[in-house]
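All the letters of the sequence shown, read from the start, carry residue numbers 22 to 253 under our numbering. Even for Gly, the Cβ is constructed at its ideal location relative to N, Cα and C. Keep in mind it's a predicted model, so treat the numbers as computed, not measured. Worksheet: one structure, shown below.
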Amino acid sequence: MSHRHGHSCHGEAEEGDTCGHNHHHHHDENCGHDHSSDKDYQEGFQDTLYPYIDKLHVRCLNEHTSGACKTIIKPYSERLTKDTYLESAVDSELLLVIPFTVSTNVKSFNIIGGDSYSCPDKVKIFKNNELLDLDTAMQKKADQDVNLSYDPNGTYDFLLKPSKFNNVQSLTLFFPSNFGAENTRIQYIAFKGDHTDYKRRAVEAIYEAKPQMKDHKVEGEEWSSSNTINGQ
22 MSHRHGHSCH
32 GEAEEGDTCG
42 HNHHHHHDEN
52 CGHDHSSDKD
62 YQEGFQDTLY
72 PYIDKLHVRC
82 LNEHTSGACK
92 TIIKPYSERL
102 TKDTYLESAV
112 DSELLLVIPF
122 TVSTNVKSFN
132 IIGGDSYSCP
142 DKVKIFKNNE
152 LLDLDTAMQK
162 KADQDVNLSY
172 DPNGTYDFLL
182 KPSKFNNVQS
192 LTLFFPSNFG
202 AENTRIQYIA
212 FKGDHTDYKR
222 RAVEAIYEAK
232 PQMKDHKVEG
242 EEWSSSNTIN
252 GQ
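Below is the structure:
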């Protein structure tokens, strides 16, 4: 199909049309043994934000099985496993919320769809906006729209605009459609970038304080006042 590996750096048009990570797209066939697998393994962990995803609080609207969205947040070495996946319950829409435990600068992401038909064909990405539903996500202007292509190996970096995705506490990703299947399926998603530790203590303090606040909704302003919580 024409969309299969139609690779261009959709996410970073303003930075140029060439991808800074094109090493994923070729292998030296003249080499006596495969160095690329070692290189890919190392690069899979280079700048990965996997350790900083708050997996417990990852959630999704319109998922086929409750909690399935957490299973696609997995280590790079497990990205090709097909026994865990996220699939839309009704039609093709998915709204995935990815919170982080620290403040991050997200530079790119990788994604593996179910196959060349059920793979999402585009995504609308919102920074620090966890209150969206399917309707508002469809209507609201995203911080970035990215056209996707089917990447069965999960090694293609879809680039994000640096000016839009610094100081990220969470990402909300709206997948409206796919390449022709009735339902959308995602097997793996990962993010790359860097992080700062200065908010880690505040986040932990909020979570630690929650058991004493079960009957009270934790409001957004607690992010700004969290430094008053003294490590309970």
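Item, Value
"According to DSSP, which residues form a beta bridge with H216?", "T125"
"Can you tell me which of the three DSSP states K145 falls into?", "strand"
"On the premise that G135 lies in contact with Y106, defined as a C-beta separation below 8 Å, what is that separation, rounded to the nearest angstrom?", "6 Å"
"Given a cut-off of 7 Å on the beta-carbon distance, is the pair F121 and Y73 in contact?", "yes"
"Any chance you could list the beta strand (DSSP E) runs of at least 3 consecutive residues sitting entirely within the region 59-104, in chain order?", "80-82"
"Using the beta-carbon count (16 or more within 10 Å), is T193 buried or exposed?", "buried"
"How many Å lie between D321 and D112 at the Cα?", "What is shown of the chain runs 22 to 253, which leaves residue 321 out entirely."
"Quick one: any contact between the region 69-89 and the region 162-180, if contact means 3 or more CB pairs under 8 Å?", "no"
"Going by DSSP, name the residue or residues bridged to D166.", "K145"
"Looking only at DSSP bridge pairs, what is G134 linked to?", "I207"
"For T125, count neighbouring C-beta atoms within 10 Å of its own C-beta (all shown protein chains included) and say buried if the count is 16 or more, exposed if not.", "buried"
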